[in-house]
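*Asks:* So the sequence shown is numbered by the working numbering: it starts at 6 and just counts up by one.
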Amino acid sequence: QPVRLSDYRPPTHTIDEVALTVRLAPQKTLVSARLKVRPNPKSDAGPDAPLVLDGEAIELRGIMLDGVPLAQGDYAVTDESLTIARVPAGPFELEIETACNPEANTALSGLYRSNGTYCTQCEAQGFRRITYYPDRPDVLARFTTRIEARRSDAPVLLANGNLVDSGEIEGTEKHYAVWEDPFPKPAYLFALVAGNLAVFEDSFTTMSGREVALKIYVEPGKEDRCAWAMASLKSAMRWDEETFGREYDLDIFMIVAVPDFNMGAMENKGLNVFNDKYILARPDTATDQDYANIERIIAHEYFHNWTGNRITCRDWFQLCLKEGLTVFRDQEFSSDVRSRPVRRISDVRLLRSQQFSEDAGPLAHPVRPSSYIEINNFYTATVYEKGAEVVRMLHTLIGGQAFRAGMDLYFARHDGEAVTMEDFVACMAEASGRDLSQFFAWYEQAGTPRLIVTDSYDETAGTYSLTVAQETPPTPDQPDKKPLDIPFAVGLVGPDGQEMPLVLDGEGAMERPVLELTQREQTFRFRDVAARPVPSLNRGFSAPVRLETDLGDGDWLFLMSHDSDPFNRWEAAQIYAKRLLIRLAGDASSGAPLADAPDFAEALGRSLRDQSLEPAFKAELLGLPSETDLAGEIARNVDPQAIHDARRHLQASLGRALSGELQDIYERFATSGPYSPDADSAGRRGLRNAALGLIAMADGERGAAQAFEHFRTAENMTDTIAALSALTRTNRPERDRALDAFYAAHSGDHLLVDKWLMLNAAIPFPETLERVRTLMEHEAFSITRPNNVRALIGAFAGLNPATFNDPSGDGYRLLADVVLELDPLNPQVAARLSGSFKTWRMLEPGRRALAKAEIERIRACKTLSRDVYEIVTRILG
Ligand code: ARG
Ligand code: ZN
6 QPVRLSDYRP PTHTIDEVAL TVRLAPQKTL VSARLKVRPN PKSDAGPDAP
56 LVLDGEAIEL RGIMLDGVPL AQGDYAVTDE SLTIARVPAG PFELEIETAC
106 NPEANTALSG LYRSNGTYCT QCEAQGFRRI TYYPDRPDVL ARFTTRIEAR
156 RSDAPVLLAN GNLVDSGEIE GTEKHYAVWE DPFPKPAYLF ALVAGNLAVF
206 EDSFTTMSGR EVALKIYVEP GKEDRCAWAM ASLKSAMRWD EETFGREYDL
256 DIFMIVAVPD FNMGAMENKG LNVFNDKYIL ARPDTATDQD YANIERIIAH
306 EYFHNWTGNR ITCRDWFQLC LKEGLTVFRD QEFSSDVRSR PVRRISDVRL
356 LRSQQFSEDA GPLAHPVRPS SYIEINNFYT ATVYEKGAEV VRMLHTLIGG
406 QAFRAGMDLY FARHDGEAVT MEDFVACMAE ASGRDLSQFF AWYEQAGTPR
456 LIVTDSYDET AGTYSLTVAQ ETPPTPDQPD KKPLDIPFAV GLVGPDGQEM
506 PLVLDGEGAM ERPVLELTQR EQTFRFRDVA ARPVPSLNRG FSAPVRLETD
556 LGDGDWLFLM SHDSDPFNRW EAAQIYAKRL LIRLAGDASS GAPLADAPDF
606 AEALGRSLRD QSLEPAFKAE LLGLPSETDL AGEIARNVDP QAIHDARRHL
656 QASLGRALSG ELQDIYERFA TSGPYSPDAD SAGRRGLRNA ALGLIAMADG
706 ERGAAQAFEH FRTAENMTDT IAALSALTRT NRPERDRALD AFYAAHSGDH
756 LLVDKWLMLN AAIPFPETLE RVRTLMEHEA FSITRPNNVR ALIGAFAGLN
806 PATFNDPSGD GYRLLADVVL ELDPLNPQVA ARLSGSFKTW RMLEPGRRAL
856 AKAEIERIRA CKTLSRDVYE IVTRILG
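(1) Mind reading off the beta-carbon distance from R734 to P771? Whole number of angstroms is fine, and I expect it under 8 angstroms.
(2) Let me make sure I understand the geometry here. Which of Q668, P264, S686 has the alpha-carbon closest to that of V758?
(3) Buried or exposed: P454, going by 16 or more other Cβ atoms within 10 Å of its Cβ?
(4) Are the CB atoms of L838 and I798 within a distance shorter than 9 angstroms?
(5) Measure the CB-CB distance between I303 and L238 and report whether it falls below 9 angstroms.
(6) On the three-pair Cβ rule with 8 angstroms, is the segment 113-133 touching the segment 391-407?
(7) The alpha helix (DSSP H) that contains H751, what's its start and end?
(8) Could you have a look at A154 and say whether DSSP puts it in helix, strand or coil?
(9) Which full runs of the beta strand (DSSP E) of 3+ residues lie inside the segment 112-162, going along the chain?
(10) Got a sec: does the ligand ZN put a non-hydrogen atom nearer than 8 angstroms to the Cβ of T385?
(11) Opposite K190 in the DSSP bridges: which residues?
(12) What does the alpha-carbon distance come out to for the pair Q503 and A536?
(13) When you compare the CB positions of N106 and Q6, do they come within less than 9 angstroms of one another, or not?
(14) In terms of residues, what are the limits of the beta strand (DSSP E) holding N167?
(15) Whole beta strand (DSSP E) runs in the segment 535-613 with 3 or more residues, listed along the chain?
(16) List the whole-angstrom C-beta distance separating E272 from E306, where the pair is believed to meet the contact cut-off of C-beta under 8 angstroms.
(17) Within its chain, find whatever has a CB closer than 6 angstroms to the CB of S470; leave out the 5 residues flanking it on each side and keep chain order.
(18) For H18, which residues in the same chain have their Cβ closer than 7 angstroms to its Cβ, ignoring the five residues on either side in sequence?
(19) Looking only at C-alpha atoms, which of F493, W447, S240 sits nearest to F209?
(20) Is it buried or exposed for Q77, if we count other Cβ within 10 angstroms and need 16 for buried?
(21) Could you give the residue range of the beta strand (DSSP E) that holds S44?
(22) Alpha carbons only, please: which of T26, L58, T111 is nearest the one belonging to L790?
(23) Is M259 near the ligand ARG, with its Cβ less than 8 angstroms from a heavy atom?
(24) Can you name, in chain order, every residue of its own chain whose Cβ lies under 7 angstroms from the Cβ of M242, other than the five neighbours on each side?
(25) Would you say the beta carbon of E306 is closer than 8 angstroms to some non-hydrogen atom of the ligand ARG?
(26) Evaluate Q711 with the Cβ neighbour count: other Cβ atoms within 10 Å of its Cβ, from every protein chain shown; 16 or more gives buried, anything less gives exposed.
(27) Residues bridged to P484 by DSSP?
(28) Please classify Q450 as buried or exposed, where buried requires at least 16 other C-beta atoms within 10 Å of its C-beta.
(29) Look up K179 in the DSSP assignment and say whether it is helix, strand or coil.
(30) Count the other CB atoms, across all protein chains shown, that sit within 10 Å of the CB of V183; report buried if there are 16 or more and exposed otherwise.
(31) Should the segment 595-610 be regarded as contacting the segment 316-327, the criterion being three or more beta carbon pairs within less than 8 angstroms?
(32) Would you say K190 touches the ligand COA, meaning its beta carbon is less than 8 angstroms from a heavy atom?
(33) What does a CB cutoff of less than 8 angstroms around A600 pick up in its chain, not counting 5 residues either side in sequence?
(34) Please state whether DSSP places Q527 in a helix, a strand or coil.
(35) Per DSSP, which residues does R9 bridge with? Please list them.
(36) Run the CB neighbour count on N642, radius 10 Å, all protein chains shown included, and call it buried at 16 or more, exposed below.
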């Protein structure tokens, strides 16, 4: 029963105003909704169409139309809807009384309780679990929310918009608050929070001089962990003014941090709700990575106020309209406030490990899907990360100025509307004067394109040619692919390491070093090329493609030291390492001895000594391609253990070959003085900790001792976790000593307990299977807390491929057991976990059969949620 984009029809009715009264009680919350409804003139169903409202897991207690109670026969209720067959042909008012049970809501969609705090999650379709409503993004209404609760139960009462009234309810122990949101919005942006919360406050003066109150609400006692989130919010607000001319639009902006949340965070109008791991930070509780994530996600949710809230999606197929664009915006933000190449590298790492693997398997789908069974399954790396890449390509193709003009036009034309990808791209086309119709296929065509590049040099003519062929592999339901419009940034590096000019034969010097690929095969000829260059291709990862070239190992080592594009220096090292690791994995598989890599070690050593490179960049150079990436490159008959062994071997071998440089870095980058989370300090710690990681791999006994000493003397959480993660890759007694000490010290802090669960789950040895099963019974673990599940089970399946893919099949069995146990409680998180099986077809036959049997065992369950059902049937194909 899939929903299809081609079936889209405008809503039969629109809602102008919603007045909600929510009487909170743990097991029986009463909601009364007064809706001002009218037939939608744009509907093709005519004014006498029946009114169909969505509703799920709520109890209907009464319904009145224009003040008259409806009788039983006037309406029909199912598990999913409320239908009123005959409604007035003009405007009318509907009053609906319902009840719901927040405490029993383990799905964490709709109104639920997180550690005693009432909170909501309505995207994508949670509002229907609060009241009957046309729960679709193209119905925009003005909301007023009155919340009532016992003061002892919930002293703080929050909803979207501005607080317009509050007080005691006489004769009771209850109080109330009334919030009014002046901006029409779809129901998915509704939010309500109530509980015993502490607040961390600040304020921001917007570019036009308006004062905005900023408030971050957290569990009492956590106020001292909010400063970084607040600083990040203010810097994001300023950046959006300076970069896109976007100013905040209400008098108050609130963020609430809760421990139980299905995703990272949510951009509800004026009242963002966050997973608390993306808010709370103090040097002794959060790592540099946590600080960077907080800054990025705070910015992301804040930026949604314009790209998502003021202009929203017409339907859920257009999810990338707000997500791809907003990820692009948060990437640009961190690139401006931190290091651009380092952020680009981490985005490309994420894209490769999450999105390329998705695009190469049974879950592949276009950035704008054309059908779904459960929309929550489409909050994917493809919609988010590839969606951001598509926006970035637009930016590259039309240039920064035209892009900004296109954004201005988009805001001016569509403010207050629910629109489509076509509307967005039309603004870019108009602002740039370019035809973007071929480009649009990036939104509709799944799969990662392959670019096959060959070159030739004519010494006598002084010309150099690049021939680029493009090809997108078939994906589910899309056997044939059209050629795409691809911005392909290139440079030519001369034999002396200097950049050569780019002069296209017959066209003259290139204005910008970007070739535009539009055909299945194209040749570009450059003239005035005095010597045979080494091409630097797809600079800055200008397009999300796989590249095939006939460059050899020597060329990659050359680019690694000489490319003027920092991203491509890193990329050259990755490609070199990938080729090496794939050869080593082949040797490991066949039991052949594994060789060392002196040339690679030497080139890395040179980069480590290069004073012009920043420490964070050097840390990235030391990070080898992940086991998941390597599996994806190998793609057939994958042996995850051989990949793991190869990677371990290379790390140990590099650790030995570079021991002098690494120890030197370890000594020189020791920090003193108070911790500062800024990017430079973080980069120095990152390089030092990357060095420690290789040292620990190189020499079992001494390495483990050094890592343990690092753990013992660490003065911030970054160093503590770095030491632990170095230790978890060893099989030495220091590892469990350190893990035990960490738990003993931090068992009262749920965020640190999650880090501990994750470290345990990532130990890359077979005994971890038993360890994970045991930890599921530990007091620290609860299957109803998504962060626990992601930290233990998600990390086991995602970060520990060798053990998850244990040849016994026990890892698959464990995951299937958890999916089946979790599905009735929280289908969204269960579905996400079941996605860990997505690469099963690539495995060697033995593991493939075992994995398949476990996926089939899940599918055989008669009571599967829509969420898990859709994922496992697509995975099995
Ligand atoms: N819109 C949120 C964000 O990316 C994601 C929330 C999605 N939640 C869900 N249950 N599908 O910022
Ligand atoms: Zn988002």
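All C-beta atoms, glycine included, are put in the ideal place defined by N, C-alpha and C. All values derive from a computational prediction rather than experimental measurement.
*Replies:* To lay it out plainly:
(1) Along the sequence shown, read from residue 1 onward, the residue named residue 734 stands at position 729. Along the sequence shown, read from residue 1 onward, the residue named residue 771 stands at position 766. R734 to P771, Cβ: 14 angstroms. No contact.
(2) If you number the sequence shown from 1, residue 758 lands on position 753. Residue P264 is the option with its Cα nearest to V758.
(3) For the purposes of this step, residue 454 is taken as residue 449 along the sequence shown, with counting starting at 1. Buried: at least 16 other Cβ atoms inside 10 Å.
(4) If you number the sequence shown from 1, residue 798 lands on position 793. If you number the sequence shown from 1, residue 838 lands on position 833. Yes, the Cβ-Cβ distance between I798 and L838 is below 9 angstroms.
(5) Numbered from its first residue, the sequence shown carries residue 303 at position 298. Numbered from its first residue, the sequence shown carries residue 238 at position 233. Going by C-beta atoms, I303 is nearer than 9 angstroms to L238.
(6) no
(7) The sequence position of residue 751 within the sequence shown is 746, counting from 1. Looking at the DSSP string, the run of the alpha helix (DSSP H) that includes H751 is 738-751.
(8) Indexing the sequence shown from 1 puts residue 154 at position 149. It is a strand residue.
(9) 115-119, 122-126, 146-155
(10) For the purposes of this step, residue 385 is identified with residue 380 of the sequence shown, where counting begins at 1. Within 8 angstroms of the C-beta of T385 there is not a single heavy atom belonging to the ligand ZN.
(11) Translated into the one-based positions of the sequence shown, residue 190 becomes position 185. DSSP output for K190 lists A146 as bridge partner(s).
(12) On the sequence shown, position 498 is the one that residue 503 refers to. On the sequence shown, position 531 is the one that residue 536 refers to. Near 11 angstroms, if we compare the C-alpha coordinates of A536 and Q503.
(13) What you label residue 106 is simply residue 101 of the sequence shown in a count that begins at 1. What you label residue 6 is simply residue 1 of the sequence shown in a count that begins at 1. No, the Cβ-Cβ distance between N106 and Q6 is not below 9 angstroms.
(14) Counting from one through the sequence shown, the residue named residue 167 turns up at place 162. Counting along the chain, the beta strand (DSSP E) containing N167 begins and ends at 167-173.
(15) The segment 535-613 contains these whole beta strand (DSSP E) runs: 539-542, 551-554.
(16) Against the sequence shown, residue 272 aligns to sequence position 267. Against the sequence shown, residue 306 aligns to sequence position 301. The pair is a contact, with the Cβ atoms about 4 angstroms apart (cut-off 8 angstroms).
(17) Taking the sequence shown and counting its residues from 1, one reaches residue 470 at position 465. Within the same chain, Cβ atoms closer than 6 angstroms to the Cβ of S470 are found at S461, T528, R530, the five residues on either side in sequence being excluded.
(18) Sequence index remark: in the sequence shown, residue 18 carries index 13 (1-based). So the qualifying residues of the chain are V42, R43, P44, N45, L56, P139.
(19) On the sequence shown, position 204 is the one that residue 209 refers to. Cα-wise, what sits closest to F209 is S240.
(20) Along the sequence shown, read from residue 1 onward, the residue named residue 77 stands at position 72. Exposed, because fewer than 16 other Cβ atoms sit within 10 Å of the Cβ of Q77.
(21) Here residue 44 is taken as the residue at index 39 of the sequence shown, counted from 1. Checking the displayed sequence, the identity of residue 44 turns out to be Pro instead of Ser. Per DSSP, P44 belongs to the beta strand (DSSP E) from 34-44.
(22) If you number the sequence shown from 1, residue 790 lands on position 785. A quick correction: the sequence has Arg, not Leu, at residue 790. Relative to R790, the option among T26, L58, T111 whose CA is nearest is T111.
(23) Taking the first residue of the sequence shown as position 1, residue 259 is located at position 254. Answer for M259: no, Cβ out of range of the ligand ARG.
(24) If you number the sequence shown from 1, residue 242 lands on position 237. Answer for M242: F209, Y253, Y307, listed in chain order.
(25) Residue numbering aside, residue 306 sits at position 301 when the sequence shown is read from its first letter. Within the cutoff, so yes.
(26) Sequence index remark: in the sequence shown, residue 711 carries index 706 (1-based). By the Cβ neighbour-count rule, Q711 is buried, with 16 or more other Cβ atoms within 10 Å of its own.
(27) Looking up residue 484 in the sequence shown gives position 479. For P484, which the question treats as bridged, DSSP gives no partner whatsoever.
(28) Taking the sequence shown and counting its residues from 1, the one referred to as residue 450 is at position 445. Label assigned to Q450: buried.
(29) If you number the sequence shown from 1, residue 179 lands on position 174. If DSSP states are grouped into helix, strand and coil, K179 belongs with the strands.
(30) As a position in the sequence shown, residue 183 is number 178, starting the count at 1. Sixteen is the threshold: when 16 or more other Cβ atoms of the shown chains lie within 10 Å of the Cβ of V183, as they do, the residue is buried.
(31) no
(32) Looking at this structure, you won't find the ligand COA anywhere; what it does contain is the ligand ARG and the ligand ZN.
(33) One-based indexing of the sequence shown puts residue 600 at position 595. Counting only Cβ-Cβ distances below 8 angstroms, and skipping sequence neighbours, we find L589, D592.
(34) For this step, residue 527 is matched to residue 522 along the sequence shown. Three-state result, Q527: strand.
(35) Here residue 9 refers to the residue found at position 4 of the sequence shown. S376, per the DSSP bridge assignment.
(36) The residue you call residue 642 lines up with position 637 of the sequence shown. The residue in question, N642, is exposed, as its Cβ has fewer than 16 Cβ neighbours within 10 Å.
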